[in-house]
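Numbering (this note's numbering), first residue to last: 7 to 449.
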């Protein structure tokens with residue numbers, strides 16, 4: 007992708023254009039993934055609300071901050087993750103990132119106490135997420151909740167359980183655009199809007215003025231597609247949704263082919279995209295493929311014919327892989343698990359570190375107190391720190407939440423007024439049946 011792509015919008019800037027030997031090491035940080043998606047909601051699109059907020063407005067946590075040394079019990083926070091269901095590949099990687107973060111926190115401690123994380127399964131569904139969050143907030147009394155993977159699940163939790171309470175909710179993997187409308191719902195991964203803008207510029211820069219789009223029929227697919235259409239200056243030859251978990255998408259593929267567009271954009275999940283690719287291949291159709299991040303993953307490469315997606319380009323959230331703190335994290339991850347982390351694991355790691363620093367900086371271990379520190383411990387006003395140990399030391403030396411600026415392994419964590427962070431994106435291209443990184447974007 008050329009610099010002209012980025013010049014078309016002031017929302018993001020080109021970080022670097024890699025080439026030759028530099029691609030191998032960079033691509034490995036994302037190409038060895040089995041999840042590859044972007045925090046899509048994996049649900050049927052309803053909001054999952056049960057008509058109640060699931061809380062009486064109190065977070066039920068103890069109010070002893072342990073600063074007097076009289077309490078050595080661990081601080082307990084909660085996490086709703088996709089341990090089963092359609093987004094479970096995310097959950098597996100998330101838990102590995104979480105485990106590494108807990109190791110780093112508990113090597114140092116928080117005012118002499120450890121951090122414990124109670125993890126509940128959303129089953130990758132709205133209702134499962136609500137039930138998990140209700141258990142964590144109402145029974146376990148956690149004042150800080152990490153969750154969830156799916157955008158729809160995160161929003162369902164917020165509206166049904168967290169909203170109108172003091173509980174802090176910080177999503178690890180949700181990128182749906184509509185989360186921006188809920189500033190009380192924080193997220194570590196960037197909004198998908200920048201992804202849609204980047205795709206629009208990428209396709210135009212490749213010389214196409216007409217595109218056919220199919221998207222998964224839920225909030226994630228609809229919101230990213232709407233943002234793409236808004237940014238796209240060319241013609242839309244085809245723009246229709248598809249349902250999840252269908253045995254065949256031959257009708258969709260046939261209509262895309264009949265549209266006459268040479269560029270096809272897929273905003274869906276790995277399983278659905280894999281079915282589509284196999285049907286395109288067997289039908290002998292040809293087009294230039296583009297995709298949002300949720301279509302990318304080793305599971306796709308393993309289940310489609312070699313050459314069937316050669317040259318496809320995908321825009322995915324990325325960590326700043328050349329930064330020293332990321333490289334340390336990646337080396338630790340590979341040493342522990344025998345593979346490189348994805349950006350999703352990096353987001354989960356940073357959620358835990360951010361929570362730990364919020365707890366240390368707060369006057370007491372309550373949701374109300376953590377609401378006052380959660381944004382500030384990674385804000386740009388403080389002294390930069392690239393590890394929990396360094397950031398914790400600033401606080402231990404008498405610094406307050408505004409005196410520390412934790413720089414995450416997933417990038418700077420400067421939450422804006424909508425609870426969204428600055429994010430990094432990477433453009434991947436399928437070359438010889440493998441994902442290779444060709445660009446980085448900040449935005």
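All residues carry an ideal CB built from backbone N, CA and C; glycine is no exception.
Alpha carbon of residue i to alpha carbon of residue j, nearest angstrom
{"i": "residue 203", "j": "residue 187", "result": "19 Å"}
{"i": "residue 121", "j": "residue 354", "result": "15 Å"}
{"i": "residue 172", "j": "residue 270", "result": "44 Å"}
{"i": "residue 108", "j": "residue 82", "result": "12 Å"}
{"i": "residue 117", "j": "residue 351", "result": "26 Å"}
{"i": "residue 11", "j": "residue 402", "result": "The predicted model places residue 11 with a pLDDT of 33, which falls under 50 and marks its position as unreliable; any figure quoted below should be read in that light. One C-alpha to the other measures close to 45 Å."}
{"i": "residue 184", "j": "residue 198", "result": "9 Å"}
{"i": "residue 361", "j": "residue 225", "result": "28 Å"}
{"i": "residue 90", "j": "residue 254", "result": "24 Å"}
{"i": "residue 52", "j": "residue 245", "result": "Legend: pLDDT at residue 52 = 33, less than 50; position of this residue unreliable, value from coordinates given subsequently. Their Cα atoms are separated by approximately 21 Å."}
{"i": "residue 279", "j": "residue 146", "result": "39 Å"}
{"i": "residue 430", "j": "residue 143", "result": "32 Å"}
{"i": "residue 357", "j": "residue 264", "result": "45 Å"}
{"i": "residue 133", "j": "residue 159", "result": "8 Å"}
{"i": "residue 207", "j": "residue 181", "result": "19 Å"}
{"i": "residue 340", "j": "residue 257", "result": "42 Å"}
{"i": "residue 447", "j": "residue 299", "result": "14 Å"}
{"i": "residue 386", "j": "residue 248", "result": "42 Å"}
{"i": "residue 432", "j": "residue 443", "result": "7 Å"}
{"i": "residue 220", "j": "residue 274", "result": "8 Å"}
{"i": "residue 251", "j": "residue 201", "result": "24 Å"}
{"i": "residue 421", "j": "residue 411", "result": "12 Å"}
{"i": "residue 119", "j": "residue 96", "result": "29 Å"}
{"i": "residue 114", "j": "residue 400", "result": "13 Å"}
{"i": "residue 289", "j": "residue 295", "result": "16 Å"}
Helix, strand or coil at residue i [DSSP, three-state]
{"i": "residue 80", "result": "coil"}
{"i": "residue 371", "result": "coil"}
{"i": "residue 220", "result": "strand"}
{"i": "residue 270", "result": "strand"}
{"i": "residue 318", "result": "coil"}
{"i": "residue 432", "result": "strand"}
{"i": "residue 312", "result": "coil"}
{"i": "residue 443", "result": "strand"}
{"i": "residue 64", "result": "In this predicted model, residue 64 has a pLDDT of only 42, less than 50, meaning its place in the structure is not dependable enough to derive any value."}
{"i": "residue 339", "result": "helix"}
{"i": "residue 388", "result": "coil"}
{"i": "residue 437", "result": "coil"}
{"i": "residue 87", "result": "strand"}
{"i": "residue 35", "result": "At residue 35, the pLDDT of 32 sits below 50, so the modelled position is not reliable and the matter cannot be decided from this model."}
{"i": "residue 323", "result": "strand"}
{"i": "residue 209", "result": "helix"}
{"i": "residue 202", "result": "helix"}
{"i": "residue 412", "result": "strand"}
{"i": "residue 301", "result": "helix"}
{"i": "residue 393", "result": "coil"}
{"i": "residue 364", "result": "helix"}
{"i": "residue 6", "result": "Residue 6 lies beyond the residue range present for the chain, which begins at 7 and ends at 449; the question has no answer from this structure."}
{"i": "residue 178", "result": "coil"}
{"i": "residue 296", "result": "strand"}
{"i": "residue 334", "result": "helix"}
Contact set for residue i: own chain, Cβ-Cβ below 7 Å, skip 5 residues either direction
{"i": "residue 138", "result": "86, 126, 127 and 128"}
{"i": "residue 266", "result": "243"}
{"i": "residue 436", "result": "315, 316, 317 and 318"}
Close-in-space but distant-in-sequence residues of the same chain around residue i (CB under 6 Å, 5 per side omitted)
{"i": "residue 297", "result": "272 and 320"}
{"i": "residue 349", "result": "323, 324 and 325"}
{"i": "residue 392", "result": "331 and 413"}
Delimiting residues of the beta strand (DSSP E) encompassing residue i
{"i": "residue 246", "result": "241-248"}
{"i": "residue 3", "result": "Since the first residue of the chain shown is 7 and the last is 449, residue 3 is not available in this structure."}
{"i": "residue 195", "result": "Here residue 195 belongs to no beta strand (DSSP E), and DSSP marks it neither H nor E."}
{"i": "residue 126", "result": "121-127"}
Extent of the continuous alpha helix (DSSP H) to which residue i belongs
{"i": "residue 102", "result": "94-114"}
{"i": "residue 135", "result": "132-140"}
{"i": "residue 188", "result": "Unbroken run through residue 188: none, as it is neither H nor E."}
{"i": "residue 346", "result": "Residue 346 -> no alpha helix (DSSP H), and no H or E assigned at all."}
{"i": "residue 287", "result": "276-289"}
{"i": "residue 257", "result": "256-264"}
{"i": "residue 253", "result": "No alpha helix (DSSP H) holds residue 253; DSSP gives it neither H nor E."}
{"i": "residue 421", "result": "Element bounds for residue 421: n/a, residue is neither H nor E."}
{"i": "residue 157", "result": "157-163"}
Residue i: CB within 8 Å of a non-hydrogen atom of the ligand FAD
{"i": "residue 87", "result": "Although the ligand FAD was asked about, the structure shown includes no ligands whatsoever."}
Cβ shell of residue i (< 8 Å), same chain only, five flanking positions each side left out
{"i": "residue 364", "result": "150, 174, 376, 379, 380, 383 and 407"}
{"i": "residue 285", "result": "254, 255, 256 and 259"}
{"i": "residue 189", "result": "423, 424 and 425"}
Residue i at chain B interface by Cβ criterion, 9 Å
{"i": "residue 241", "result": "Within the model displayed, chain B is absent; a lone protein chain is all it includes."}
- Task: Would you check if there are 3 or more beta carbon pairs closer than 8 Å linking the stretch 174-189 to the stretch 145-156?
- Result: yes
- Message: Can you confirm whether the stretch 303-315 touches the stretch 329-337 when touching is taken to mean that 3 or more C-beta pairs between the two stretches lie within less than 8 Å?
- Response: no
- Touching or not, the stretch 191-208 and the stretch 422-433, by the rule of three or more beta carbon pairs under 8 Å? yes
- Could you say if the stretch 208-225 and the stretch 409-423 meet the contact criterion of at least three C-beta pairs nearer than 8 Å? no
- Query: Given 8 Å as the limit, is there contact between the stretch 89-102 and the stretch 162-170, that is, 3 or more CB pairs closer than that?
  - Reply: no
- Query: Would you call the stretch 255-262 and the stretch 230-237 in contact, with 3 or more CB pairs under 8 Å?
  - Reply: no
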